[in-house]
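Chemist: Under the working numbering, the sequence shown has 259 at position 9, and the numbering climbs by one with no breaks. Would you mind keeping the following structure in view while I ask a few things?
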Amino acid sequence: MADPTTQTCPICSVKIMVGSPGGDRVLFSSGPAGTRTKLWARVCQFNQKSGCINQQAKGDAIADDDYYKSEVPTGDA
Ligand SMILES: [Zn+2]
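Next up, the structure:
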């Protein structure tokens with residue numbers, strides 16, 4: 251069993267704990283850890299540069315919960 255290793259995306263400057271139980275965990279600068287899909291929804295899809303270590307999340311189904319709350323239209327104002 252390998253210990254989780256932490257990789258930092260050179261493009262997005264976000265840390266990803268690879269090999270952690272239950273799947274890779276993304277460590278955001280603020281808020282709770284999330285999934286690679288969440289990182290893609292929040293950061294990587296806007297960068298779209300080669301060298302991003304989260305390209306594999308491209309094409310994943312993104313849930314509303316994966317976006318920043320402020321980016322989800324609620325209808326409330
Ligand atoms: Zn990235």
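Glycine residues also receive a C-beta, built at the ideal position from the N, C-alpha and C atoms.
Can you tell me where the alpha helix (DSSP H) holding Lys288 begins and where it ends?
Modeler: Unbroken alpha helix (DSSP H) run through Lys288: Arg286 to Leu289.
Chemist: Which one or two residues does DSSP pair with Lys265 in a beta bridge?
Modeler: Partner(s): Thr258 and Leu277.
Chemist: Is the closest heavy atom of ligand 1 to the C-beta of Ile361 under 6 Å?
Modeler: As displayed, the chain neither begins before 251 nor continues past 327, which places residue 361 out of reach and without an answer.
Chemist: Return the CA-CA distance between Gln305 and Gly281, expressed in angstroms with no decimal places.
Modeler: Taking the straight line joining both Cα atoms gives about 22 Å.
Chemist: For Ile332 and Thr287, which I take to be in contact (beta-carbon distance under 8 Å), what is that distance rounded to the nearest angstrom?
Modeler: Residue 332 cannot be examined here, being either before or after the span of the chain that is shown, 251 to 327.
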